[in-house]
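Engineer: Dumping the structure here so I can ask a few things about it.
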Amino acid sequence: LRGHYVSEIPSRLFSHLFKLEQLAFKHSDLVIDNSLVIDKEAFFGLANLISLDLSGNDIKHLDPVTFVHTPKLKELNLMYTSLNIDKEFFSHLTNLKKIRISSYRLS
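Numbering (our numbering), first residue to last: 5 to 111.
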């Protein structure tokens, strides 16, 4: 979904894609001064997701339970986001092997 205009990833958007293993949602063409809003249940149903790329998006916040429905997630790319990461953010990412982060703030 690279380069598409997106301002929100709503709840259960991908729930019918239960076999999906990789999702790249990077560099969305957002309106200036607008941020990508990701619902805490946006990735509901993606139990087989292994790799998620959200890089290059203006993401301000991700709820710590956002990845509760992605138990197999091993790779997460959050490079070049405006994300404030809470210390509880990683608690549900028990299988995470690789995370790419830069230009972020850890709370």
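All residues carry an ideal CB built from backbone N, CA and C; glycine is no exception.
If you reduce the DSSP assignment to three classes, tell me which class K30 lands in.
Structural biologist: Taking the sequence shown and counting its residues from 1, one reaches residue 30 at position 26. Looking at K30 - three-state DSSP - the assignment turns out to be coil, as it is neither helix nor strand.
Engineer: By the 10 Å Cβ neighbour count, where 16 or more other Cβ atoms means buried, how is H20 classified, buried or exposed?
Structural biologist: The sequence position of residue 20 within the sequence shown is 16, counting from 1. H20 is exposed by the Cβ-count criterion.
Engineer: For M83, I'd like the list of residues in its chain whose CB is within less than 8 Å of its CB, leaving aside the five on either flank, ordered along the chain.
Structural biologist: Walking along the sequence shown from the start, residue 83 turns up at place 79. For M83, where only same-chain residues beyond five positions count, the Cβ hits under 8 Å are S59, G60, R104, I105, S106 and S107.
Engineer: Count the other CB atoms, across all protein chains shown, that sit within 10 Å of the CB of T98; report buried if there are 16 or more and exposed otherwise.
Structural biologist: Within the sequence shown, the letter at position 94 stands for residue 98. T98 should be labelled exposed.
Engineer: By DSSP's criteria, D57 is part of a beta bridge. Which residues make up the other side?
Structural biologist: Position 53 of the sequence shown holds residue 57. BP columns for D57 point to A28 and N81.
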